[in-house]
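For reference, the structure discussed in these notes is given below.
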Amino acid sequence: MRNSFGLISALLLAQALHAQYTIDWSHPAADTYKNGVMAARDTSDNVVVVGTRPSYLGAAHIFTQKYDKDGILLWERVDSTGIQWLWETPTWVTTSSTNDIYVTGNMYTGTTDIYTDSVIVLKYDQLGNLHWRRTIGPAFIFGVHTRCAADANGDLYLAVAGLQPSGFHLIKYDPNGNETFHVMETSPIAINLTSMRLKDDRLVLVGTGIGAVHGAVASWDTSGNFLWSHLVAGYGAQDVEVDDALNTYVLTSFPDLIAPLSGRDVVIKQFDAAGDSTTQFVYDFNGTDQPSRMTLVNGRITVIGWTVPQAGGYMDWTTFQTDLSGSMLWNATYNAMLSNDEIPGWVAARDNGDVYVTGKGGPLYQGQYRQYVTLKYSNGVQEWVHTDPYFGYEGVACVLGKDSALYVLGYGSMTVTRYIDDLSTGLADVSEARVIQPFPVPATDHLIVPISAHHPPDLGFDIHDVSGRTIMSGTLNDASSVLDVSGFTNGTYLLRTSDGGAVRFVVQH
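Residue numbering for the sequence shown is -4 to 504, as defined by the working numbering.
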């Protein structure tokens, strides 16, 4: 039997040796009208996601779900006003060092026109028990924007714009939900809030500023003392980062800085620890450039955004990385389809500089379905990309897991996917002795598992479903390499072998 499988095994082996990523599991919500908003990971490698439903469909509540690393849904909690016409939507989720979960959001009325009522803050423990719930108001009806961050002591810092009076608000709660302080700008310069960062004893908030073409940045310490604030020339402040020296980096854009008629350029404005403006770094990608998000990891700033070429056309997503001196290390463009927009949604970066981006774009599936896209860059080289036409339709958040895992939250169906980056784990360079490639794909009633002379004569195996449960075990050898999968439900399964091999296969009856 080994000889009869020789040619097939060789072909499948060649494919396996070039593996780049593995989808460990992917779970859409049973309610397909749920929309994903944000994701976070705790210290046990569980992922927590928040989402809601459109208010015109009803049941527009805050949904909080927690999955373990094997894809098992540990719990879901629903927060509701209990009033039919007063809805809720989440804006952010984060976890503490003790794996408590904090969720921010707001209450609102309306379906097509949204009128904000107040801000919501929720604290759950790791088992999903609600410890406390706070509401803050009044809010301006045109919208309220919230973020939160937790420190090592379990204190929560809530950043808000859209409360009355106007400007940035910063509120601190102790672990029991008691308000420690509520401070705001003395001379308000902020219209909305786009991001916040907590670094050591420093908090920095950014958003759109008053006046024409301005961003706003303001800083407090963790005791509530105001430190400094500035208006920044640019189309709003899209994001902020703080380095170990407490220098602040504000992400914005402004036209024609590189050269006349260069179009809108990306700007990173730098402030020192005292809030003094030191310099700015400007980047042009030959078109109208609009950044959306950045992350600072191990001395490297990674930025995502979109670019419309100078000649016009569709958006392409742009990713670039710099050092803290503003020198560009690399840049890359994702443009899988000329006649379709590619727009990034979120970015995550590892200490070694590897970058993962999720968003939306082409190519259109069957010419009509917009796909959600997740890809990896290493030193600016795209190492792999995965597109999914069925669930998500747009990647809205991604967080790094342990052991080279990546969690991605899709907007549609609140879909959570766990990737294993084979190029980081070394699975892409797996030895020939550990490669197993079953067929046919998809399997119907039986699965053939070819083994070669490189494997031990009696090779133990286990098959797991997407929840991590073992549903079949046994030994592979010349006499038993055909497995009966007729009783398996349709789906994706993981085959692990006793020599350390692992491969996924699909059953479709």
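Here a beta-carbon is modelled for each residue, glycine too, at the ideal position from N, C-alpha and C.
Beta-carbon proximity check, residue i vs residue j, cutoff 8 Å
i      : j      : result
Ser399 : Asp383 : no
Phe456 : Arg491 : yes
Val245 : Val212 : yes
Ala144 : Met102 : no
Trp506 : Gln316 : In this structure the chain extends from -4 to 504, so residue 506 is not present and cannot be described.
Leu198 : Ser214 : yes
His459 : Leu489 : yes
Ser476 : Val444 : yes
Gly396 : Asp40  : yes
Leu291 : Glu337 : no
Leu324 : Arg345 : no
Leu454 : Ile466 : no
Leu404 : Val44  : yes
Val498 : Gln432 : yes
Ala132 : Asp112 : The sequence given here has Gly at residue 132, not Ala. Yes, Cβ-Cβ distance for Gly132 and Asp112 is below 8 Å.
Gly100 : Ile166 : no
Thr141 : Ser50  : no
Asp267 : Asn242 : yes
Phe249 : Asp260 : yes
Asn326 : Pro304 : no
Thr27  : Glu83  : no
His225 : Ser272 : yes
Ala156 : Ile186 : yes
Asp234 : Met310 : no
Residue closest to residue i, alpha-carbon to alpha-carbon, out of the options
i      : options                        : result
Asp251 : Asp279, Gly270, Asp238         : Asp279
Tyr62  : Ala24, Val98, Ala55            : Ala24
Gln121 : Thr93, Thr130, Ile109, Phe135  : Thr93
Gly229 : Thr106, Val208, Thr283, Gly357 : Val208
Asn505 : Pro358, Met323, Gln316         : With the chain running from -4 to 504 in the structure shown, residue 505 is simply not present.
Gly123 : Asp95, Gly77, Leu395           : Asp95
Ala392 : Asn374, Arg413, Val261         : Arg413
Thr203 : Val114, Phe163, Asp479, Val98  : Phe163
Thr328 : Tyr372, Gly308, Ala343         : Tyr372
Gly539 : Ala34, Thr274, Gly348, Val368  : This structure cannot settle anything about residue 539, because the visible part of the chain is limited to -4 through 504.
Gln159 : Ala35, Ile136, Val501          : Ile136
Trp521 : Asp195, Pro255, Thr181, Ile253 : As shown, the chain starts at -4 and ends at 504. That puts residue 521 outside it, with no answer to give.
Ser541 : Thr38, Lys264, Val116, Leu117  : Past the boundaries of the shown model lies residue 541; the chain is included only from -4 to 504, so the question cannot be answered.
Arg72  : Ala240, His22, Pro85           : Pro85
Gly495 : Thr314, Asp479, Pro451         : Pro451
Asp169 : Asp195, Arg129, Ile184         : Arg129
His22  : Leu52, Gln15, Leu68, Phe483    : Leu68
Asn347 : Ala306, Gln366, Gly375         : Gly375
Trp127 : Gly172, Trp87, Gly149, Asp108  : Gly172
Leu52  : Thr89, Gln79, Pro255           : Gln79
Gln15  : His381, Asp146, Ser322, Asn30  : His381
Thr314 : Asp349, Leu333, Gly308         : Asp349
Gly486 : Gly469, Asn472, Pro437, Leu471 : Pro437
Bridge partners - residue i, DSSP secondary structure assignment
i      : result
Met289 : Val298
Leu508 : Here the chain comprises residues numbered -4 to 504, so residue 508 is not present and cannot be evaluated.
Val502 : Ala438, Gly486
Thr111 : Tyr103
Phe266 : Thr243, Ser272
Asp260 : Phe249
Glu71  : Gln60
Leu471 : Leu454
Ile338 : Lys355
Val42  : Arg36, Tyr62
Arg413 : Trp20, Tyr402
Gln316 : Thr297, Trp325
Arg491 : Asp457, Ala497
Asn281 : None, per the DSSP bridge assignment.
Leu478 : Leu442
Pro304 : Gly282
Ser214 : Val199, Trp223
Nearest-angstrom beta carbon gap, residue j and residue i [assumed within contact, 8 Å]
i      : j      : result
Val201 : Thr189 : 6 Å
Gly210 : Val227 : 4 Å
Glu378 : Tyr406 : In fact, because the Cβ distance is near 25 Å, the residues do not count as touching under 8 Å.
Tyr351 : Leu319 : Wrong, their Cβ atoms sit about 21 Å apart, outside the cutoff.
Thr247 : Ala232 : 5 Å
Thr439 : His504 : 6 Å
Ala34  : Val501 : Rounded, the Cβ-Cβ distance is 26 Å, inconsistent with contact.
Thr175 : Tyr119 : No, Thr175 and Tyr119 are not in contact; Cβ-Cβ is about 20 Å, not under 8 Å.
Tyr152 : Leu117 : Going by Cβ atoms, the distance from Tyr152 to Leu117 rounds to 15 Å, so no, they are not a contact pair.
Pro339 : Ser287 : 7 Å
Gly321 : Ile253 : Actually they are not in contact, since the Cβ atoms of Gly321 and Ile253 sit about 13 Å apart, beyond 8 Å.
| task | Just list the beta strand (DSSP E) runs in the region 85 to 172, keeping only unbroken ones of 3 residues or longer that don't cross its boundaries, in chain order. | result | 96 to 104, 110 to 119, 125 to 131, 140 to 145, 151 to 156, 163 to 168
| Entirely enclosed beta strand (DSSP E) segments - the region 167 to 212, minimum 3 residues | 174 to 179, 190 to 194, 197 to 203
| request: With a floor of 3 residues, list each beta strand (DSSP E) that falls wholly inside the region 347 to 405, ordered by position along the chain. | output: 350 to 360, 364 to 373, 376 to 383, 390 to 395, 400 to 405
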